[in-house]
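S.K.: Structure below; questions to follow.
In mature numbering (1 follows the signal peptide of the UniProt record, and there is no 0), the protein residues as written are -21 to -1, 1 to 589.
Next comes the structure, spelled out in structure tokens:
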């Protein structure tokens, strides 16, 4: 039909008179076949007689059922009204032949009104009143917790999230908050609210969660901003075709990447020839780089019966982009090491969650993803277990997988501890501590392991194994780093902490760790932080716009707003960006809104990583 309309448009644009010279088409149907049969009038049927009943009972009135003329009644689908013809005025709006040649097929569909505007029947459409993937009954935040909050404050908090968080546990808390099934604040468009949350998830490296969030909105309800963050989420997970429903329903754009993505979607919709023509047109126009066009042609050619061979040439490619990285991973095309070596952390986070990559390829970003909270300890164990199970694996990843197995099943506790130490290495990578959390929990506390007790406790707390960590209370010395971590691992109120133990810790540990210990304990109301302000040079009573906002949210008892503001206060790439003032207000606000476990884990992490 598209080809017919295209040819028809070209004929009208050229003003051809061939159609007028044609004879009237011959009717090939039998006589009377195209004449509709008159609708028979149903004959009235006699009213049925009823047998006498022992006692009449009142029945509710029912609407009369229209008589059936035979066959099942089918509910008609709503159809768009057909515009009335305006006669010869329509010819002025048709593109000329030169314009037709320069337009892509998607632009032509939009010009001729062939692009669909919806793909979901009205009865199957989902409401945008509450958007998210985690209900409150599943551990998410209360659905209506932001409805009466200032829209400007929520917008500012979400718009300020432009990167990762310094805290792994803060990342986990913020991810759960952003993915919760929430209603938008009053005065804010719910689709725009979803776009802000998906954008924040993309900035954190949570592309899979962002993709699940945008998929919770029907594509016909997408705004331009939601479409943009959705495409970023699909690229981050190398799910190119997943973006097609949104791309095919949205208005066409002039960007080269958009045109290539639209061509790929056309190819997987069954129009491979059209897709290749559009890709060649985009390359010839100079709007896309050659490597981008080659990757798109290879991906589009994999659809249907495409047999056109495309050779990917990385020569003269100086930088890696999300588009190139996603398509190369989806195609199984190896990216040159020179490009990967100079790539930023975005690509390591993306590689860690792309299932199309091999285990060793994912390991390159798994440590970073684990340290930031993208991957759990269990996910890390699963990844290295897959590597161990594959025969013929060599290299650092295979060696680490073998050590991880020894950390679980070695014959003695000392041998298992040696395996854990080997996994940690000498660089104290926090992601490796996440990997060994459950292996550390299997060790029996022993005074002979006192030198490794603090690291083992820190490893267990990365997975929230506080009860296993508390078993080492009799091994660690008072005032040591292990003692400080166990002070936060203690659930409940925990009671006050002895001043002598705190002073011992301050004398033995760094100034950064000491500040985090005081801020965390003060936020949990276990010490008076003012007693150490002068010694450490901190003032926990100082107020800023952010501290006043998170304190007000905590006073109102709103955990969702507290979590958003806490995530805003933990923006940064390292714990050097975290201040004792921020940690104090975050821990205190989380504790006041029923999130004491999260508060304790964030404080313990701050002391371990500062």
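We put the beta carbon where it would ideally sit given N, CA and C, even for glycine. Only a predicted model underlies this, so the values are computations on that prediction, with no experimental measurement involved.
What is the DSSP secondary structure of residue 162, reduced to helix, strand or coil?
M.R.: It is a strand residue.
S.K.: Near residue 420, which residues of its chain fall below 7 Å by C-beta distance, leaving aside the five closest residues on each side in sequence?
M.R.: Excluding sequence neighbours, residue 420 sits near 439, 444, 447.
S.K.: If we count Cβ pairs, one from each stretch, closer than 8 Å, do we get three or more for the segment 301 to 318 versus the segment 342 to 353?
M.R.: Flag = no, the segment 301 to 318 and the segment 342 to 353 do not touch.
S.K.: Less than 8 Å between C-beta atoms, sequence neighbours within five positions excluded: which residues of the same chain meet that for residue 139?
M.R.: Around residue 139: 547, 550.
S.K.: Thinking residue 164 and residue 126 are a contact (beta carbons under 8 Å), I'd like their distance in whole angstroms, please.
M.R.: So it is a contact: roughly 6 Å between Cβ atoms.
S.K.: Hey, out of 115, 109, 103, whose CA is closest to residue 538's CA?
M.R.: Nearest of 115, 109, 103 to residue 538, Cα basis: 115.
S.K.: Where does residue 375 land, buried or exposed, given buried means 16+ other C-beta within 10 angstroms?
M.R.: With fewer than 16 Cβ atoms within 10 Å of its Cβ, residue 375 is classed as exposed.
S.K.: Please look up how many angstroms separate the CB atoms of residue 586 and residue 502, rounded, as I've assumed it's under 8 Å.
M.R.: Rounded, the Cβ-Cβ distance is 12 Å, inconsistent with contact.
S.K.: Alpha carbon to alpha carbon, what distance is there between residue 377 and residue 303?
M.R.: Cα-Cα distance, rounded: 28 Å.
S.K.: Measure the alpha-carbon distance for residue 487 versus residue 107 and round it to whole angstroms.
M.R.: Spanning the two alpha carbons is a distance of roughly 55 Å.
S.K.: What did DSSP end up calling residue 199 once you bin it into helix, strand or coil?
M.R.: Note: residue 199 maps to helix in three-state DSSP.
S.K.: Within 10 Å of its beta-carbon, does residue 430 have 16 or more other beta-carbons around it, so buried, or fewer, so exposed?
M.R.: Exposed.
S.K.: Check residue 366 in the structure and name its three-state DSSP category.
M.R.: Helix at residue 366.
S.K.: Where residue 289 and residue 99 are concerned, what is the direct C-alpha to C-alpha distance, given to the nearest angstrom?
M.R.: Cα to Cα, the separation comes out at about 36 Å.
S.K.: Taking the alpha helix (DSSP H) that residue 273 falls in, what are its first and last residues?
M.R.: Note, residue 273: alpha helix (DSSP H), 269 to 280.
S.K.: Confirm, please, whether the CB-CB distance from residue 184 to residue 411 is below 8 Å.
M.R.: For residue 411 and residue 184, no; Cβs fall outside 8 Å.
S.K.: Mark residue -21 as exposed unless 16 or more other C-beta atoms lie within 10 angstroms of its C-beta, in which case mark it buried.
M.R.: Residue placement at residue -21 is poorly supported in this model, since its pLDDT is 44, which falls under 50; the coordinates still yield a value, given next. Classification of residue -21: exposed, given that the 10 Å Cβ count is below 16.
S.K.: Tell me the rounded alpha-carbon separation between residue 436 and residue 469.
M.R.: Between residue 436 and residue 469, the C-alpha separation is close to 12 Å.
S.K.: At what residue ranges does the segment 95 to 168 contain a whole run of the beta strand (DSSP E), taking only runs of 3 or more?
M.R.: You should have found no qualifying run.
S.K.: On the three-state DSSP scale, how would you describe residue 39?
M.R.: Confidence in residue 39 is poor, its pLDDT being 46 and thus under 50, which makes the residue's placement too unreliable to answer from.
S.K.: List the endpoints of the continuous alpha helix (DSSP H) containing residue 494.
M.R.: Looking at the DSSP string, the run of the alpha helix (DSSP H) that includes residue 494 is 490 to 502.
S.K.: Which two residues bound the contiguous alpha helix (DSSP H) that contains residue 186?
M.R.: First-last of the alpha helix (DSSP H) with residue 186: 186 to 193.
S.K.: Could you give the residue range of the alpha helix (DSSP H) that holds residue 336?
M.R.: No alpha helix (DSSP H) contains residue 336, which DSSP labels as neither H nor E.
S.K.: Say whether the segment 180 to 196 touches the segment 212 to 230, bearing in mind that this needs 3 or more beta-carbon pairs closer than 8 Å, one atom from each stretch.
M.R.: At 8 Å Cβ cutoff, the stretches touch.
S.K.: Going by DSSP, which residues form a beta bridge with residue 429?
M.R.: Beta-bridge pairing links residue 429 to no other residue.
S.K.: Do you know whose CA, among 338, 571, 403, 425, lies nearest residue 415's CA?
M.R.: Among 338, 571, 403, 425, the Cα nearest to that of residue 415 belongs to 403.
S.K.: Going by DSSP, what residues sit across from residue 550 in a beta bridge?
M.R.: 144, per the DSSP bridge assignment.
S.K.: What is the rounded straight-line gap between the Cα of residue 176 and the Cα of residue 588?
M.R.: Spanning the two alpha carbons is a distance of roughly 28 Å.
S.K.: What separation, rounded to the nearest whole angstrom, lies between the Cα atoms of residue 334 and residue 187?
M.R.: Approximately 11 Å between the Cα atoms of the pair.
S.K.: For residue 364, count neighbouring C-beta atoms within 10 Å of its own C-beta (all shown protein chains included) and say buried if the count is 16 or more, exposed if not.
M.R.: Residue 364 comes out exposed.
S.K.: As a quick exercise: from 434, 408, 423, 207, pick the residue whose alpha carbon is nearest that of residue 387.
M.R.: Ranking the options by Cα distance to residue 387, first place goes to 423.
S.K.: Tell me whether residue 507 sits in a helix, a strand or coil according to DSSP, three-state version.
M.R.: Residue 507: coil per DSSP, three-state reduction.
S.K.: Whole-angstrom Cβ separation of residue 543 and residue 133, contact assumed at under 8 Å?
M.R.: Yes, residue 543 and residue 133 are in contact; Cβ-Cβ is about 7 Å, under 8 Å.
S.K.: In angstroms with no decimal places, state the Cα-to-Cα distance between residue 584 and residue 482.
M.R.: Distance between the alpha carbons of residue 584 and residue 482: 20 Å.
S.K.: I need the DSSP call for residue 423, collapsed to helix, strand or coil.
M.R.: Residue 423 falls in the coil class under three-state DSSP.
S.K.: If we require 4 or more residues per run, which alpha helix (DSSP H) segments fall completely within the segment 199 to 266?
M.R.: Taking only runs of at least 4 residues, the alpha helix (DSSP H) segments lying wholly in the segment 199 to 266 are 203 to 215, 223 to 228, 235 to 247, 251 to 263.
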